[in-house]
Structures are given as C-alpha cells and as structure tokens.
Amino acid sequence: MGTSDLDRQIAQLRKCELIKESEVRELCNKAREILIEEANVQRVDAPVTICGDIHGQFYDLMELFSVGHDCPDTNYLFMGDFVDRGFYSVETFLLLLALKVRYPDRITLIRGNHESRQITQVYGFYDECLRKYGSVNVWRYCCEIFDYLALAALVDDRILCVHGGLSPSITTLDQIRTIDRKQEVPHDGAMCDLLWSDPEEIDGWGVSPRGAGYLFGGDVVAAFLHANNLELIARAHQLVMEGYKHMFKDTVVTVWSAPNYCYRCGNVAAILELDDKLNRNFVIFHPASQDARGIPAKKATPDYFL
Amino acid sequence: MMQTETRAAAAPAPAPVPAPVAIDMKVSLGAATAPTPASAASLPPVTCPFRTPERRIITKEDMDQFIASPIRAALVDFIFSCSDACRGLKISHPVATSPVVTAVTSVLDELEKIADATPPEENPKTRFGNPSFRFFYDRVQKALPTLLEPVVRPREAIVEVAKYLEKSFGDRKRIDYGTGHEANFMAFLLTLYRLNLLTDADKPAIVLRLFVRYLSLMRKVQFLYWLEPAGSHGVWGLDDYHSLPFLFGASQLVDHKYLRPKAIHDMDIVDMFAKEYLYLGCIQFINRVKTTASLRWHSPMLDDISGVKTWAKIESGMRKLYVVEVLGKLPIMQHFMFGAILPFENVSGRAVKDEDLEADDGHLHYFFTM
Numbered sequence: 001m002g003t004s005d006l007d008r009q010i011a012q013l014r015k016c017e018l019i020k021e022s023e024v025r026e027l028c029n030k031a032r033e034i035l036i037e038e039a040n041v042q043r044v045d046a047p048v049t050i051c052g053d054i055h056g057q058f059y060d061l062m063e064l065f066s067v068g069h070d071c072p073d074t075n076y077l078f079m080g081d082f083v084d085r086g087f088y089s090v091e092t093f094l095l096l097l098a099l100k101v102r103y104p105d106r107i108t109l110i111r112g113n114h115e116s117r118q119i120t121q122v123y124g125f126y127d128e129c130l131r132k133y134g135s136v137n138v139w140r141y142c143c144e145i146f147d148y149l150a151l152a153a154l155v156d157d158r159i160l161c162v163h164g165g166l167s168p169s170i171t172t173l174d175q176i177r178t179i180d181r182k183q184e185v186p187h188d189g190a191m192c193d194l195l196w197s198d199p200e201e202i203d204g205w206g207v208s209p210r211g212a213g214y215l216f217g218g219d220v221v222a223a224f225l226h227a228n229n230l231e232l233i234a235r236a237h238q239l240v241m242e243g244y245k246h247m248f249k250d251t252v253v254t255v256w257s258a259p260n261y262c263y264r265c266g267n268v269a270a271i272l273e274l275d276d277k278l279n280r281n282f283v284i285f286h287p288a289s290q291d292a293r294g295i296p297a298k299k300a301t302p303d304y305f306l
Numbered sequence: 307m308m309q310t311e312t313r314a315a316a317a318p319a320p321a322p323v324p325a326p327v328a329i330d331m332k333v334s335l336g337a338a339t340a341p342t343p344a345s346a347a348s349l350p351p352v353t354c355p356f357r358t359p360e361r362r363i364i365t366k367e368d369m370d371q372f373i374a375s376p377i378r379a380a381l382v383d384f385i386f387s388c389s390d391a392c393r394g395l396k397i398s399h400p401v402a403t404s405p406v407v408t409a410v411t412s413v414l415d416e417l418e419k420i421a422d423a424t425p426p427e428e429n430p431k432t433r434f435g436n437p438s439f440r441f442f443y444d445r446v447q448k449a450l451p452t453l454l455e456p457v458v459r460p461r462e463a464i465v466e467v468a469k470y471l472e473k474s475f476g477d478r479k480r481i482d483y484g485t486g487h488e489a490n491f492m493a494f495l496l497t498l499y500r501l502n503l504l505t506d507a508d509k510p511a512i513v514l515r516l517f518v519r520y521l522s523l524m525r526k527v528q529f530l531y532w533l534e535p536a537g538s539h540g541v542w543g544l545d546d547y548h549s550l551p552f553l554f555g556a557s558q559l560v561d562h563k564y565l566r567p568k569a570i571h572d573m574d575i576v577d578m579f580a581k582e583y584l585y586l587g588c589i590q591f592i593n594r595v596k597t598t599a600s601l602r603w604h605s606p607m608l609d610d611i612s613g614v615k616t617w618a619k620i621e622s623g624m625r626k627l628y629v630v631e632v633l634g635k636l637p638i639m640q641h642f643m644f645g646a647i648l649p650f651e652n653v654s655g656r657a658v659k660d661e662d663l664e665a666d667d668g669h670l671h672y673f674f675t676m
C-alpha cells in the first residue's frame, strides 16, 4: 500500500465514506507494524493537542479537527474510546488509524475501555461493522489492533495521559512498562484499572461503581505525581458538561471530546492544547451543525424484529 | 499557565447523501439468539431468612449460569405476562386495582414528594449530574422501610423488597440511570408477586397504573437531577434510559384499528395519543428532549422499527431484545442483587454487598476480582 493509496483512503474517510474490507485488512496490517514498536507508555513531544472520548461521533470529530487544526499540522494525542454509541465508529476509528499510519509521529492513539471485544459487542461497534460490511471481519481486524494500542502516553516526561486513571497495583511508570498489553482488556488488574478507574473526592482508594477499576483520591494522585516527577494526569472516560474538568488542585484533568452526547446531554466538548512549554489552553467546541452532517443511510430492520 | 477559549468551525460545505449500504441480512448476529432458559416453575417458594440482597453475578461463568437459572426465567415470565396483560389496552382502561396496587401507588406518590422537597443544587460545579440526587436517594432509602410497612408481609421481607425499589431510581454514586435500574423496578414488583401480595389479576394494573406511575416519576427525577444515561448504547439502542415502555407500549397497540407503527412519524397523532399509549408517549418525550436532530438521527433504531408491519411483530421483537440486551448483558446484570425472594446461587460463590461499594470513607472494604 503506497502513500498515494493511503492518501486516497484518508480523503475518502474524511468524507465519511467507507473503505473496502480488503483495504481495512491492509491498513490494520500496516498499523500493527507501527503500534507493535510503541511502548506501553508512549513518549510524546510537546506541542501536542490532547483529546478525550469520541464514541463514533464522526462529524463532531471533523469539528474537532477544524477548531484544533488538521493533522499533521497539529500533533494529536487521542485518549481512547473512539468507538461505540455513535453512528460512525467505523469511519472514526479507521480515519484515526489511517492518519496514524500516514503520520506516525504526528498522532498518538492510546487505548480506552471501549477498545475491547467484550465491550464493543454490547455498545454498538460490533453491530455497526456487521451492518456496514455484512460480516464481522472488520470488527475482528480492529479488535486485533486494539490489543496493540499503547496504554498511556507521556508528554515531555511531565504529563501522563491515560484513558481511565490510576491503579492500586501501580506506583511507578516502570510498572506500567512491564505489563503485557497485547491482549483483550482483562477484567481486573493493572491494565484494566488504567482504562477503567475514576478520580473521586475521597482519601485513598474506593471500589468503583462501574464494576471495574477503582476510585482514587487526591492523596493517591499527589503521591503518584511525586514518585514519578509528573505535573499532571490527563484522562478522559467520564462525561463532563463543560468539556473539561480539573480536580485535586489541577493535578488531574478530565477531557471529554464528544459534544451533546447521545443527542441529549447538552454538554460541550474540549481539547487540551499544550504548547512547547507545556502551557495549557483548553479549547471548547460545540456539535457540528446538522447541515454539516450527511443523512445516515437507512439501516435495515434490526434482526429482533424480522 | 492555562486558559480557555471557545472556537467554532468555519462553515462547512454541505455533505453528500451516502448511497445506501447493501447488507446481507442473512448474517446472524450470534448474540441475538437467547439461550434456552430454565423453567420458572423450578424456582422454590420463598423461604426465610430474609436478608439484604447482594450482587452475585461476578464472573462470566456466573453470568452464563444466571442466563440458565430459574430466577431469570421467573423474571422473564413475569415481565412477558405483564405485557400480555396490557395487550390492546389504553392507559386509561379501567383495571382492577387491589389494595396492594393502591398502596404501592401511594408509596410512589410519597417518593415524588421527596423529589419535590429535594431541589437540585444551584451552580453545582460537578462533572455532570446534580449532587442533590444523592440527598434524594438517601431520603428514599431511609423512608422506604416505613413506607412499605403497610404493604409488605411478612414484615421481615421489607429489607429485600425495599432494596429493589431503592435501586430503581439510579446509581447513587455515579448519578446515572439506565435499563438496569428500570429492571430493578420490575424486580421490586416480582418480589411482591413472589410474596403473593400481587397476583395475576393485578398484572394489567401493574403496567397501566404502577409502571406508568413509576415512569412519570422517573422522567421527573431524570430531569431534576440531570441523570447521566448509564451504559447507553447510543444510536445502537432503543433509548438512553428505558426499554420496557417500548415492550409494554407495543403490546398496548397490538391490533389497534388504525394506529400503525409508522404513525410515530406523525407528530399530531403522537401528541394526540401520547397519554394513552406508552410507546407514543416515549416518542413524544424523546422528540422533546432530543431537539437538535430528527428521529432518524437520534433514534435510528426506533426509526427503523417503525417500518415493521405490525405492533405484534414489534412486541415480539422487543421481548427478544429485552432478554438479550438487558437481562443478558454482564455490564447490566453484574449490578443485579439477589436474596431470599429472588434467589441465585452463583458458580463463583462470591457475593458483594452494597455497603462494600458505597462506603465513602475511602477504605477499600472488599477486594473482588472478576
């Protein structure tokens, strides 16, 4: 697959058009070669723009690129949850993956809890692949890629980016580095916690109401930042009305990049722009206007009703 | 240094309409076939001692076992027979209301008063939901034993019955609500049924009085505290919060003389009949909430289903959907609770109490692994 092929596929995906199943397979093969070389904690240089959950909201991702400026002119770091719930998980993930293959040093993708075989079979990505391609192959190719995604990213050795949060099994970044990440997201343990945990106004650790991961308090964060010489944990995973939210004296920030979630929540979205001095600029954006969106192809009747 | 700004995209070029995607509809979904359930008749009668219900579906093996269990069969039977009982009936249809039905309605009335007396916090500065929901939840939890005292016999069973009703209102910690919480309301009604306080004769009233009452209270609570949709399937599910109004609602409309499934697109018809038919009430409600786009965008599944020829076919599809998507999914059922009235002995032998999860003092009380 040459660069011009890839550029053509990127152009197609940017118009929210699907690429062929054989092209998906080839794209995933190429992506695997790149991702396999990445560390569990992938090093990223500032300046970079950090983004939260997208959940298949393709046209809102276009809005994100419009306000944040296109990749590769801007460096991007996406903190997972590309798929599920939205209309266009396939186009969203494949575009980000194609950009990764085309500009590997300009975009970083880390894993969210939805980049999982189990979760995507419940929350829509599996159904979407089946409906758009008529088989489960694309879903399988993508799930294999999910297994290769880094678990975290480290910006200039100072800002840790992870989808969920911290783990009682992890006190140092080196411990994250020792995880064997190339597997389905486990039900428990360090790798699960990094993708599922939430910060909470408590002391120490709490059991998570999600049923996976933990709740962690400000004291845990302070100790972790100190032990690892960090200034901030950027994470996603939780819906935020205002698009972003700080906790624990600005040592944790949640960034959420899916505006008007489920067409109901009325939230704005945010991205975090870091300049080369790690100064933080939060950019808020609203959903793409309805005119900007195509008309979704009428899907056939769900199987239950045939 | 930190700052915030708002930016909007430049006006975009209009996007073309994509060609319809050819789909091979013979491809099976695999997960769409529900496993054969055990018979509800093999569920033993309720025995003491009653105890605070606990979570028992912890591992995937537990989930598989639950799917094949008599208690799940009993829950399915109960819900489906309630759906049968309201077939072809408007909400205002006169139905027999026993003293227990009247008493449960009064309990829901009292819970609504608690909501009215627990206004949302102004300028809460929280992530999403309003923290006053936790005050509402705690007040409900505290009030229920007293409110249920006139209803529940034996009185020792109140500790179990109350837990399911409490859980019907959402998750206290996450300030969210979803189909799992809705299932808890049916579980609450099932406990009363298993205690012989509600009978088969009450089933029309269970839907047309009790469930309708609960739904209206729940919509109020969702708005009052801005509850986050818990585990919504987004455009791949029916609705962010509810499943049963579509099941019961389709049953109500079976064999209706002139209202067809495609009527959901006619706003005048929807407005005219929303109060009498749960399904149309849902459509009206969703359109009022999701105002930035049309049904085809925000609820494509409902849009697609409107192309089905009969309500009977929709109702039967809703049954399959409910069994697989609600009662068959670990992310929902891992939160479900079991005791003496709704019993389940799991493979893993592990159990998780509520107190283990809701203690806010920061100490990890119960390390469980899945």
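Just so you know, the sequences run in chain order C and H.
So the first sequence is numbered by my numbering: it starts at 1 and just counts up by one.
So the second sequence is numbered by my numbering: it starts at 307 and just counts up by one.
The beta-carbon is built from N, C-alpha and C at its ideal position, and this holds for glycine as well.
If residue i sits next to residue j, beta carbons under 8 angstroms apart, how far is it from one beta carbon to the other, in whole angstroms?
i	j	result
L521/H	P551/H	6 angstroms
L272/C	F282/C	6 angstroms
L523/H	L495/H	Incorrect: roughly 14 angstroms between the Cβ atoms, too far for contact.
T485/H	S549/H	5 angstroms
L160/C	L154/C	6 angstroms
Y133/C	P168/C	About 40 angstroms; that fails the 8 angstroms criterion.
A536/H	M624/H	About 20 angstroms separates the two Cβ atoms, so there is no contact after all.
G613/H	L533/H	Actually they are not in contact, since the Cβ atoms of G613/H and L533/H sit about 31 angstroms apart, beyond 8 angstroms.
L27/C	L97/C	6 angstroms
W542/H	R85/C	7 angstroms
R478/H	R440/H	6 angstroms
Taking just the CA atoms, how far does residue j sit from residue i?
i	j	result
P637/H	V136/C	22 angstroms
A236/C	V576/H	39 angstroms
E128/C	V629/H	21 angstroms
L166/C	R43/C	18 angstroms
Y88/C	C388/H	37 angstroms
L648/H	H55/C	36 angstroms
T403/H	Y499/H	14 angstroms
V327/H	P302/C	Per-residue confidence for V327/H stands at a pLDDT of 34, beneath the threshold of 50, marking its modelled position as unreliable; no derived number is given.
D368/H	R378/H	12 angstroms
R102/C	E33/C	12 angstroms
N229/C	G217/C	18 angstroms
S116/C	G394/H	42 angstroms
Y547/H	L633/H	15 angstroms
N113/C	I589/H	32 angstroms
W617/H	E21/C	37 angstroms
Q175/C	A489/H	41 angstroms
V67/C	A314/H	6 angstroms
D198/C	S208/C	8 angstroms
When burial is assigned at 16 or more other CB atoms within 10 Å of the CB, is residue i buried or exposed?
i	result
E91/C	buried
R361/H	buried
T49/C	buried
I364/H	buried
D157/C	exposed
N429/H	exposed
R8/C	exposed
M308/H	exposed
H399/H	exposed
D609/H	buried
H226/C	exposed
N652/H	buried
F642/H	buried
Show which residues of chain C have a CB atom less than 9 angstroms away from the CB atom of residue i.
i	result
R313/H	S66, V67, G68, V283, I284, F285
H539/H	D84, R85, V122, Y123, G124, D127
L627/H	P302, Y304, F305
W603/H	F87, Y263, Q290, R293, I295, P296
W617/H	Result: empty, since nearest Cβ-Cβ is about 11 angstroms, beyond 9 angstroms.
Would you mind telling me which residues of chain D sit closer than 8 angstroms to residue i, beta carbon to beta carbon, in chain order?
i	result
P649/H	The structure shown contains no chain D; its protein chains are C and H.
May I ask whether a heavy atom of the ligand ATP can be found less than 7 angstroms away from the beta carbon of residue i?
i	result
D610/H	This structure lacks the ligand ATP; in fact it carries no ligand of any kind.
Find the residues of chain C that neighbour residue i, judging by a C-beta separation of less than 8 angstroms, and give them in chain order.
i	result
D546/H	C262, R264
V614/H	T301, F305
G645/H	Correct list: empty, because the minimum Cβ distance to chain C is about 19 angstroms.
What residues of chain C sit near residue i, judged by a beta carbon separation below 7 angstroms?
i	result
I620/H	F305
Give the residues of chain H in contact with residue i, contact being defined as C-beta atoms less than 7 angstroms apart.
i	result
K245/C	R433
Quiz item: Which full runs of the alpha helix (DSSP H) of 4+ residues lie inside the segment 560-605 of chain H, going along the chain?
Solution: 573-579, 584-595, 601-604
Exercise. Output the residue ranges of the alpha helix (DSSP H) runs that lie fully inside the segment 161-216 of chain C and measure 4 residues or longer, sorted by chain position.
Key: 173-177, 190-196
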